[in-house]
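One structure is given below, encoded as structure tokens.
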């Protein structure tokens, strides 16, 4: 059950941070959502689209054997590192994921040929929700990298990183190095 009326009770910051996940779903599976107005008047169909995307991916890879479910981690590798390094409560989850999405877009442009115009659509959607695109200066790259090394997506020292070839075309890559991630974090400053 999604009682969309309860969303009207949220402070603006909390309401908007939830859109980081919607923007992620748009990026990996349904780019038309990037053009959808994200407001309370049209929220019910938008929520339904997002639940359907997540459910379809999980159903296709219920036991995480195909690597498809990992697509839901787009923006989350670096985002979780930033969230952890920031400390509990400093950044809302969606704010940290927004930063991860910015970095993942940059890496997608560099590593998999995502057109810059496509990356710009994602960045514009984040901006419409006042989601951050720069990391606070006092959160060091070293602390973010230390948090990343504990992440489940680092398997036996290998990095499984979700990139986009184009909007709606996500894949898991092993071509992203820790040096690439470090540079992407530095570009968030």
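In the numbering used here, the protein residues as written are 710 to 898.
Just so it is clear, CB atoms sit at the ideal spot from N, CA and C, and this is done for glycine as well.
Looking at 725, 734, 714 and 712, the one whose alpha-carbon comes closest to that of residue 878 is 734.
A straight-line Cα-Cα distance of about 13 Å links residue 713 and residue 727. A buried status is given to residue 792, since no fewer than 16 other beta-carbon atoms sit within 10 Å of its beta-carbon. Going by DSSP, residue 878 is part of the beta strand (DSSP E) stretching over 878-882. Only residues of its own chain outside the window of five on either side were considered, and among them 731 and 734 have a CB closer than 6 Å to the CB of residue 759, listed in chain order. With a cutoff of 9 Å on beta-carbon distance, residue 795 and residue 848 are scored as near each other. By DSSP's assignment, residue 854 forms no beta bridge with any residue. Taking the Cα positions, residue 846 is about 7 Å away from residue 898. Annotated as proximal: residue 876 and residue 736, with beta-carbon spacing under 9 Å. Per DSSP, the beta-bridge partners of residue 875 are 878. A check of alpha carbon separations from residue 887 across 874, 853 and 715 identifies 853 as the nearest.
Linking residue 884 to residue 890 through their CA atoms gives a straight-line distance of about 11 Å.
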